[in-house]
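Residue numbers (UniProt numbering): 1 to 285.
Take a look at the structure:
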């Protein structure tokens, strides 16, 4: 889902939104399941049925054409004289998604000082690696602080999960592709990213933190300590994984995938509580 957006849908939006639907999309390497999955977005960008370029036998005439797409960084649309001459932003992309999927909420709940309503939090559950092992304890803490919590796992039905995310005021998840779903949050909502052990600063910020700010979301990040990762059960404290975690990065993606990406986390709820209070406070601003 991360790459569906960063490599296809955001570049497609950047390249075609200004046509206001008067554009014909031709797709190579056509995958019916993918086209069906993102049909609401494709139909919002084009008034015409998508053409399977490799199987189309009719002759089509157009006054002009564009081969390929404009692409910026991951989950980011920045100003650029040729790539983005109309100064589109990620907020524009968020608005486009809400209209395409019929998502009703453009802004989160306004709590006020007395918190007249319970803010809604969505916790994305991971079933593979980077699981939040004490998810239920964290959920209980969030509810104790006043959140109405929903726990869900991102699924293949994009529209259904988009509706679930859009209903939330706060999205909380461990670093991973599930955080891409921040694109469906109301503008001004809060994203809470739990960052696993391993000097993940750059990846956490560039993949999800800075995009959240560009979407005008409030952003809270929590870096787990060496006491909160399952890596402590696999490596001694004098191993470079703990002594010099940047050495993991020196091994490239294979090392990151094998060590950092395969850990699970168990957050210290006492240590984590101030970060949840910060998220709550940001909804009261």
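Glycine included, C-beta positions come from ideal geometry on N, C-alpha and C.
Under a Cβ-count criterion, where at least 16 other Cβ atoms within 10 Å of its own Cβ denotes burial, should residue 107 be classed as buried or exposed? Taking the first residue of the chain shown as 1, we reach residue 107 at position 107. By the neighbour-count rule (16 or more Cβ atoms within 10 Å), residue 107 is not buried but exposed.
Beta-bridge pairing of residue 46 - partner residues as DSSP gives them: As a position in the chain shown, residue 46 is number 46, starting the count at 1. Looking at the DSSP assignment, residue 46 forms a beta bridge with 21.
Report the option in 99, 98 and 76 whose CA atom is closest to the CA atom of residue 88. As a first step, residue 88 is located in the chain shown; it is residue number 88 there, counting from the start. Answer by Cα proximity: 76.
Looking only at its own chain, which residues have a Cβ that is under 7 Å from the Cβ of residue 149, when we skip the five neighbours before and after it? Within the chain shown, the letter at position 149 stands for residue 149. Cβ neighbours of residue 149 beyond the five flanking positions: 121, 123, 139, 142 and 143.
Mind checking whether residue 192 and residue 222 have CB atoms under 8 Å apart? Working through the chain shown from its first residue, we reach residue 192 at position 192. Working through the chain shown from its first residue, we reach residue 222 at position 222. With respect to residue 222, residue 192 sits close: the two C-beta atoms are nearer than 8 Å.
In terms of DSSP beta bridges, what is residue 152 paired with? The residue given as residue 152 occupies position 152 in the chain shown. DSSP, once it has assigned bridges, lists 124 as partnering residue 152.
Since I believe residue 231 is in contact with residue 197 (beta carbons under 8 Å), could you give me their beta-carbon distance rounded to a whole number of angstroms? Here the question's residue 197 lines up with position 197 in the chain shown. Here the question's residue 231 lines up with position 231 in the chain shown. Confirmed, about 6 Å.
With distances taken Cα to Cα, identify the nearest neighbour of residue 91 among 248, 284 and 213. Against the chain shown, residue 91 aligns to sequence position 91. Residue 91 has its Cα closest to that of 213, out of 248, 284 and 213.
So the candidates are 100, 28 and 69; which of them puts its Cα closest to the Cα of residue 38? Taking the first residue of the chain shown as position 1, residue 38 is located at position 38. The candidate whose alpha carbon is nearest that of residue 38 is 100.
Going by DSSP in three states, residue 84 sits in which element: helix, strand or coil? Looking up residue 84 in the chain shown gives position 84. Here residue 84 sits in strand by DSSP.
Would you list, in sequence order, the uninterrupted beta strand (DSSP E) runs of no fewer than 3 residues that lie entirely inside the region 161–222? Uninterrupted beta strand (DSSP E) stretches at least 3 residues long and entirely within the region 161–222 occur at 170–174 and 190–195, given in chain order.
Residue 12 (DSSP reduced to helix, strand or coil): Residue 12 sits at position 12 when you count from the first residue of the chain shown. If DSSP states are grouped into helix, strand and coil, residue 12 belongs with the helices.
Quick one: what's residue 52 bridged to in DSSP? Numbered from 1 along the chain shown, position 52 holds the residue referred to as residue 52. Partner(s): 27.
Would you tell me roughly how many angstroms separate the C-alpha atoms of residue 136 and residue 34, rounded to the nearest one? Counting from 1 along the chain shown, the entry for residue 136 is found at position 136. Counting from 1 along the chain shown, the entry for residue 34 is found at position 34. In this model, residue 136 and residue 34 are separated by some 34 Å (Cα to Cα).
I need the boundaries of the alpha helix (DSSP H) containing residue 77, first residue and last residue. Within the chain shown, the letter at position 77 stands for residue 77. Careful: residue 77 lies outside any alpha helix (DSSP H) and carries neither H nor E.
Where do the N-terminal and C-terminal ends of the alpha helix (DSSP H) with residue 270 fall, by residue? Counting from 1 along the chain shown, the entry for residue 270 is found at position 270. From DSSP, the alpha helix (DSSP H) with residue 270 extends over 269–283.
For residue 47, the nearest candidate out of 28, 21 and 126 (CA to CA): Taking the chain shown and counting its residues from 1, the one referred to as residue 47 is at position 47. Residue 47 has its Cα closest to that of 21, out of 28, 21 and 126.
Nearest by alpha-carbon distance to residue 209: which of 32, 185 and 179 is it? Position 209 of the chain shown holds residue 209. The shortest Cα separation from residue 209 among 32, 185 and 179 belongs to 179.
Which residue marks the beginning of the alpha helix (DSSP H) containing residue 250, and which one marks its end? Position 250 of the chain shown, counted from the start, is the residue given in the question as residue 250. That run of the alpha helix (DSSP H) goes 246–250.
For my contact list, residue 237 and residue 166 are in at a C-beta cut-off of 8 Å; report their separation, rounded to the angstrom. Your numbering for residue 237 matches position 237 in the chain shown. Your numbering for residue 166 matches position 166 in the chain shown. Contact between residue 237 and residue 166 is absent: CB atoms are separated by about 43 Å, not below the 8 Å threshold.
In chain order, what residues of the same chain have a beta carbon less than 7 Å from the beta carbon of residue 2, not counting five sequence neighbours either side? Your numbering for residue 2 matches position 2 in the chain shown. Closer than 7 Å at Cβ, skipping near neighbours: 177 and 180.
Only counting the same chain, and skipping five residues up and downstream in sequence, which positions put a Cβ closer than 6 Å to that of residue 259? By 1-based counting over the chain shown, the position of residue 259 is 259. Taken in chain order, the residues that qualify are 248.
Are the Cβ atoms of residue 151 and residue 265 separated by less than 8 Å? Locating residue 151 in the chain shown gives position 151, where the first residue counts as 1. Locating residue 265 in the chain shown gives position 265, where the first residue counts as 1. Contact: no.
Flag this pair as yes or no: are the beta carbons of residue 110 and residue 147 separated by less than 8 Å? Here residue 110 corresponds to residue number 110 of the chain shown, with the count starting at 1. Here residue 147 corresponds to residue number 147 of the chain shown, with the count starting at 1. It is not a contact, given that the beta carbons lie outside the stated cut-off.
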